[in-house]
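Below you'll find the structure, written out as structure tokens, and then a few comments.
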Ligand code: WQD
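In my numbering, the protein residues as written are 5 to 343.
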């Protein structure tokens, strides 16, 4: 299939581009590079040995988006483009609603006009909000607790209405748990700007000496070692989930949500220890206050993706950490040295 990948220069986008091309699909990338680096796409070509069209376009520029659809004939879209920092979304809600929600509306209008009716959407487990019953299943009510999460809830509802309005649309909503790691080559990986919000890029920056120590946000939760438990999933398993979802929607109609997680929960301390084993580097950390909004435990029931997509996460936490370490130790400052 010929796939337009929005946000294709980002962390999950680049890994999915590699997986798509290795599965025989053709891709074009649309990205405004506001939170990513063109160097990442050069490395995608290096890994796959394939070139592909790149459109430096902002989804809020409807004329430019129209131009992209007029130039190409896409069989499907995988939509990653959007802002994703929970804390930042609380400070800048309008920026998040404009970029994530309005950007998606512009994209969907162009798709409808050009008869592109297959869409895989990058959603998030954050849509489950404060659900306490574990593991999380797709039939739970969705209600986020921050503007970022609410943009994902709103977009899922918009896409559900779009699919209901026309028999032609086939849409997969992929709810990611906690993506970790990097492609085995060590040439692409997560490259957050500034101080990482998430656990594993923070750990890897401590390991390479870019950051002095890891703050552990509380160890007084009701869990075996007192730290929060999450469902960490290798980014290449996540990328494979997108390929499987694409194949599924090429022969169905309607809209379906799928959890992309391993179904296994690990604590913050488990991750620190796995990373130390993978890297041979001792991670300095200090237990600090809890981070507001953190759920004690969150992990997936990924049965539906297994049954309907034929997908299952394969890689272990140790492999996630080994691949993350190879990326970070070879790219201490991410892509930034190559602007
Ligand atoms: C994991 C655990 C922290 C950093 C977030 C978003 C979610 C999704 C994935 C986009 C928690 C602890 C973290 C640190 C720490 N993103 N931690 N010190 O919060 O589960 O999910 O990323 O869709 O929307 O909410 O991931 O990596 O931020 O935190 O102790 O410096 O690590 O308290 O228990 P989270 P995370």
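We treat Cβ as the ideally placed atom computed from N, Cα and C, and that holds for glycine.
Do you know offhand how far residue i's Cα is from residue j's?
i: residue 276; j: residue 210; result: 11 Å
i: residue 220; j: residue 255; result: 45 Å
i: residue 339; j: residue 195; result: 7 Å
i: residue 343; j: residue 144; result: Below a pLDDT of 50, predicted positions are generally treated as unreliable, and residue 343, at 46, falls in that range; the measurement from the model is reported next regardless. Cα-Cα distance, rounded: 43 Å.
i: residue 272; j: residue 203; result: 8 Å
i: residue 260; j: residue 288; result: 42 Å
i: residue 175; j: residue 29; result: 18 Å
i: residue 100; j: residue 154; result: 10 Å
i: residue 5; j: residue 66; result: 24 Å
i: residue 264; j: residue 306; result: 6 Å
i: residue 108; j: residue 293; result: 36 Å
i: residue 59; j: residue 42; result: 11 Å
i: residue 215; j: residue 207; result: 9 Å
Under 6 Å: does the beta carbon of residue i sit that close to some heavy atom of the ligand WQD?
i: residue 216; result: no
i: residue 322; result: no
i: residue 196; result: no
i: residue 155; result: no
i: residue 325; result: no
i: residue 272; result: yes
i: residue 279; result: no
i: residue 219; result: yes
i: residue 224; result: no
i: residue 178; result: no
i: residue 88; result: yes
i: residue 229; result: no
i: residue 128; result: yes
i: residue 293; result: no
i: residue 182; result: yes
Report yes if the C-beta of residue i is less than 6 Å from at least one heavy atom of the ligand PLP; otherwise report no.
i: residue 266; result: Annotation note on the ligand PLP: not contained in the displayed structure, which lists the ligand WQD as its ligands.
Classify residue i: buried if its beta carbon has 16 or more other beta carbons within 10 angstroms, exposed otherwise.
i: residue 205; result: buried
i: residue 147; result: exposed
i: residue 93; result: buried
i: residue 23; result: buried
i: residue 296; result: exposed
i: residue 200; result: buried
i: residue 44; result: buried
i: residue 165; result: exposed
Determine the contact status of residue i and residue j, defining contact as a CB-CB distance below 7 Å.
i: residue 63; j: residue 110; result: yes
i: residue 51; j: residue 189; result: yes
i: residue 179; j: residue 129; result: yes
i: residue 317; j: residue 241; result: yes
i: residue 19; j: residue 238; result: no
i: residue 49; j: residue 13; result: no
i: residue 301; j: residue 138; result: yes
i: residue 250; j: residue 124; result: yes
i: residue 31; j: residue 122; result: no
i: residue 235; j: residue 279; result: no
At a Cβ threshold of 7 Å, is residue i touching chain B?
i: residue 79; result: Within the model displayed, chain B is absent; a lone protein chain is all it includes.
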